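*Asks:* Encoded as structure tokens, here's the structure I'll be asking about.
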Amino acid sequence: MFGVPRLLTTRLGMGVYVRYEQKDFPYFVQWKYTNLGNYLVALELANCHVEGRARVRERGTLSFLAPWEERNFRLEIGVLESEEAKRFEEEA
0 MFGVPRLLTT RLGMGVYVRY EQKDFPYFVQ WKYTNLGNYL VALELANCHV EGRARVRERG
60 TLSFLAPWEE RNFRLEIGVL ESEEAKRFEE EA
């Protein structure tokens, strides 16, 4: 199953999206910062909850890599322009 969060701006008629497998990144965080007319946003994929390592360890869901272990993940980041952004907005 794929997750496809997207961020659209109707004023500019464009947006961005991230496509990923939910089994690889079961948590998604949208981080926002607003200050003095500035607006920043980040789309953050994660394999653990944002409560911190101690809390995740308590839950028994803290993920570790063994020495020399590797994991590969697929991730697609794209830009949506005009018509494509409108189509994504209609799907939401």
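Numbering that gives the first Met the number 0 puts the sequence shown at residues 0 to 91. Here a beta-carbon is modelled for each residue, glycine too, at the ideal position from N, C-alpha and C. The structure presented is a predicted model; accordingly, all values stated were derived computationally and were not measured.
Confirm, please, whether the CB-CB distance from V78 to V15 is below 8 Å.
*Replies:* By one-based count along the sequence shown, residue 15 stands at place 16. By one-based count along the sequence shown, residue 78 stands at place 79. Against a cut-off of 8 Å, the Cβ pair of V78 and V15 comes out as a contact.
*Asks:* For I76, which residues from the same chain have a beta carbon less than 6 Å from its beta carbon, with the 5 sequence-adjacent residues on both sides left out?
*Replies:* Reading the sequence shown from its first residue, position 77 is the one you call residue 76. Here the set comprises V17.
*Asks:* Going by the CB atoms, is the gap between L64 and R70 shorter than 8 Å?
*Replies:* As a position in the sequence shown, residue 70 is number 71, starting the count at 1. As a position in the sequence shown, residue 64 is number 65, starting the count at 1. Yes, they are a contact pair.
*Asks:* Just checking my contact of F24 with L6 at CB under 8 Å: how many whole Å lie between their CB atoms?
*Replies:* One-based indexing of the sequence shown puts residue 24 at position 25. One-based indexing of the sequence shown puts residue 6 at position 7. With a Cβ gap of about 16 Å, F24 and L6 do not count as contacting.
*Asks:* Can M0 and Q29 be called in contact, C-beta distance under 8 Å?
*Replies:* Reading the sequence shown from its first residue, position 1 is the one you call residue 0. Reading the sequence shown from its first residue, position 30 is the one you call residue 29. Against a cut-off of 8 Å, the Cβ pair of Q29 and M0 comes out as no contact.
*Asks:* I need the boundaries of the beta strand (DSSP E) containing E20, first residue and last residue.
*Replies:* On the sequence shown, position 21 is the one that residue 20 refers to. Run containing E20: M13 to E20, per the beta strand (DSSP E) assignment.
*Asks:* Looking only at its chain, what residues have a beta carbon closer than 8 Å to the beta carbon of G12, apart from the 5 residues adjacent to it on each side?
*Replies:* Counting from 1 along the sequence shown, the entry for residue 12 is found at position 13. E80, S81, A84 and K85.
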